[in-house]
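Step one of this worksheet: look at the structure below.
Residue numbers (UniProt numbering): 1 to 154.
Here's what the structure looks like:
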C-alpha cells in the first residue's frame, strides 16, 4: 500500500529523537530515515482517542498522530510495519492498520506526556471501545508502548 505522493522536505530534528521511521519510505531527513522529535510530531494533525485499555484503569484520553497520517508523511510504500520498542521488543503490524480511525501513535495520555514508566514516550493505541474488532489479542499485541522505531517492510 502506498501512502501519499506529495514530496516535501522533512526538517532535521532539533531535539531528542523520539521516533525513527525506516524502510520503504520516500521522505527522509537523516541518512535514509525519517526522524521525529516531539515538536515535529506535534505539528502533524493531532487526533484523539477516548477508550479504556486492558493496561490502565478507567477511561483514558490519548492524543497523538494517526498512524495513517505518519505513513503518508514519510511516503510509506509497503505491506507491513515492524514496530520496535526501546527494549527492542518488536511486533509486525499489517499496513491495513494504518487507516483513518484505527491506530494512533500517542504522545499524550490524559493531557500529559507519558514517561517511560507510564508506557511512553510513544504508545501505539487503538480505539478499543469503538468496535469488537479492536478487542482481540491480535490488536492488543500490536499496541506497543515505548515505541522507538517503525520499519516499513516491502
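From the three backbone atoms N, C-alpha and C, an ideal C-beta is built for every residue, glycine too.
Contact under 8 Å by Cβ, residue i with residue j
i	j	result
residue 142	residue 93	yes
residue 36	residue 106	no
residue 27	residue 34	yes
residue 18	residue 41	yes
residue 99	residue 68	yes
Burial state of residue i (16 or more Cβ within 10 Å)
i	result
residue 39	exposed
residue 154	exposed
residue 116	exposed
residue 5	In this predicted model, residue 5 has a pLDDT of only 43, less than 50, meaning its place in the structure is not dependable enough to derive any value.
residue 109	buried
residue 22	buried
residue 53	buried
residue 59	exposed
residue 147	buried
Member of the options whose CA lies at the smallest distance from the CA of residue i
i	options	result
residue 82	13, 98, 97 and 150	150
residue 123	77, 66 and 72	66
residue 185	134, 10 and 85	Residue coverage of the chain in this structure runs from 1 to 154, which leaves residue 185 outside it and unanswerable.
residue 131	49, 20 and 30	49
residue 29	144, 74 and 70	74
Inside the region 35-111 only - alpha helix (DSSP H) runs reaching at least 4 residues: 38-43 and 67-73
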